Ligand SMILES: Cc1ncc(COP(=O)(O)O)c(C=O)c1O
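Residue numbers (the numbering used here): 1218 to 1632.
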């Protein structure tokens, strides 16, 4: 066994023991520790190579250790990391302007450190706007069943998964859930107490669930009719992953608020909440803040990410690679159907196969996937993934599936 004293790196056994003793046990972790990455490839502490088709849960959209992002980070770390939002920093407004341009213009941006925080900001802003436009009673937010919006108390309450609510009652009030992609149910829920609808354009954690064409347009129409804000949670779908810069851009709609995180820093924690200027103006100085949000290091990383995404045309690459990956997956006999958009895909397995066991066997064979439901695999590789890597990954999956459903434990929840 390799030891710390020999290499400076903990062995897996040592790491597990240390984590068991000192870490809060909130994750059902898979027994592997990654120490290095490059593009779509990861290496673990034992020197084994893996193809990363999960991208840190749809985060590393440009792959691991992208040289332009690494260089920008190193340069910024040598220059200025943090000053707090008491002062201007020259990168934050530039990043806000870039995001505004990608979303459609005419908006304002607040920066945070995660997806949940971006959604917290959206929730607070919608309530503030609801107060200023319809009085105190207008504070409820309608979200979809099977949605995922985060783990803070408010975003957990927004998340349409009642089983996740149970251990933490009482949750903040003011959230109602309706079935996803059900326009009539939404219409029934939009009474005079509601200030906003919060939706993922494509549900990620809930199973990579795609709404039928016309759904978002119908939601926008209802929101306009009832004077309710439309908040689109693009934390997982945003910045090219679905084949457009934002998932809502597959539909003919303009949201009032958009939340972004995961891919924005390619792994450096940063989130953003964009809102139409008129909505954003409901916030007054002192209403919302974050110590780290939009600090120079994170903003520099995000600017570098956007530069690379624009040069590489990340959305177009995701759309093309997504078509190739979908076709390769659809050709597998053990895959019943493939759903999703671009490079956010789920492969529904044939009855009898259990996704947790397939994920564990793929890990052993050098491929990272995720069991997004008990019967479906999620794939979310880097937008810059090569065709060779797509073929290699599906080749590994094909061999695992051909070997049958190995009895392995479910790795547990990912987020
Ligand atoms: C759609 C969506 N919203 C919000 C979140 C929460 O983001 P974070 O884990 O960065 O707080 C996630 C995380 O998976 C997500 O997929």
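Beta carbons are placed, not taken as given, at the ideal position from N, Cα and C, and that holds for glycine. This structure is a prediction, so every number in the text was calculated from the model and none was measured.
- Rounded to the nearest whole angstrom, the C-alpha separation of residue 1402 and residue 1596 is 30 angstroms.
- Under the 8 angstroms Cβ criterion, the region 1289-1297 does not count as touching the region 1453-1470, having fewer than three qualifying pairs.
- A heavy atom of ligand 1 is found nearer than 8 angstroms to the CB of residue 1450.
- Burial check for residue 1244: the Cβ neighbour count within 10 Å stays below 16, so the residue is exposed.
- Taking 8 angstroms as the cut-off, the C-beta of residue 1228 does not count as close to any heavy atom of ligand 1.
- Taking 8 angstroms as the cut-off, the C-beta of residue 1288 does not count as close to any heavy atom of ligand 1.
- Residues 1549 of the same chain have their beta carbon placed closer than 6 angstroms to that of residue 1615, with the five preceding and five following residues left out of the count.
- Per DSSP, residue 1603 is not a residue of any alpha helix (DSSP H), being assigned neither H nor E.
- For residue 1461, the three-state secondary structure derived from DSSP is coil.
- With respect to the 9 angstroms criterion, residue 1448 and residue 1411 are not classified as neighbours on the basis of their beta carbons.
- Non-local beta-carbon contacts of residue 1374 in its own chain, meaning distances under 6 angstroms to residues more than five positions away in sequence, involve 1388, 1389, 1392 in chain order.
- Comparing alpha carbon positions, the residue from 1489, 1395, 1386 closest to residue 1377 is 1395.
- Residue environment for residue 1501: exposed (fewer than 16 other C-beta atoms within 10 angstroms of its C-beta).
- Closest by C-alpha distance to residue 1606, out of 1306, 1418, 1541, is 1541.
- About 5 angstroms separates the Cβ atoms of residue 1359 and residue 1406, confirming a contact at the 8 angstroms cut-off.
- Around the Cβ of residue 1544, a 10 Å sphere holds fewer than 16 other Cβ atoms; the residue is exposed.
- Taking the CA atoms as reference points, residue 1275 sits about 32 angstroms from residue 1304.
- Residue 1372: not part of any beta strand (DSSP E); member of the alpha helix (DSSP H) spanning 1370-1375, first to last residue.
- Bridge pairing for residue 1328: 1489 [DSSP].
- Across the structure, residue 1371 and residue 1337 are spaced so that their CA atoms are roughly 7 angstroms apart.
- Sixteen is the threshold: since fewer than 16 other Cβ atoms of the shown chains lie within 10 Å of the Cβ of residue 1239, the residue is exposed.
- Judged by DSSP in its simplified three-state form, residue 1285 adopts helix.
- Beta-bridge annotation (DSSP): residue 1420 is paired with 1426.
- Secondary structure note for residue 1394: its beta strand (DSSP E) is the uninterrupted segment 1392-1395.
- For residue 1432, the enclosing alpha helix (DSSP H) has its first and last residue at 1432-1443.
- For residue 1306, the CB stays at least 8 angstroms from every heavy atom of ligand 1.
- Among the bridge pairs identified by DSSP, residue 1250 is matched with none.
- Counting along the chain, residue 1558 sits inside no alpha helix (DSSP H); it lies in the beta strand (DSSP E) bounded by residues 1552-1558.
- Between residue 1424 and residue 1593, the C-beta gap is smaller than 9 angstroms, which places the two residues in contact.
- Secondary-structure assignment with DSSP links residue 1261 through a beta bridge to 1251.
- For residue 1385, the number of other beta carbons within 10 angstroms of its own is below 16, and it is reported as exposed.
- Distances from the CB of residue 1332 to the heavy atoms of ligand 1 include at least one below 8 angstroms.
- Secondary structure note for residue 1534: its alpha helix (DSSP H) is the uninterrupted segment 1531-1547.
- Relative to ligand 1, the beta carbon of residue 1479 is positioned inside 8 angstroms of a heavy atom.
- Residues of the same chain with a CB within less than 8 angstroms of the CB of residue 1266, apart from the 5 flanking positions on each side, are 1258, 1259, 1260, 1583 in chain order.
- Within its own chain, the residues whose Cβ lies closer than 6 angstroms to the Cβ of residue 1497, once the five positions on either side in sequence are excluded, are 1325, listed in chain order.
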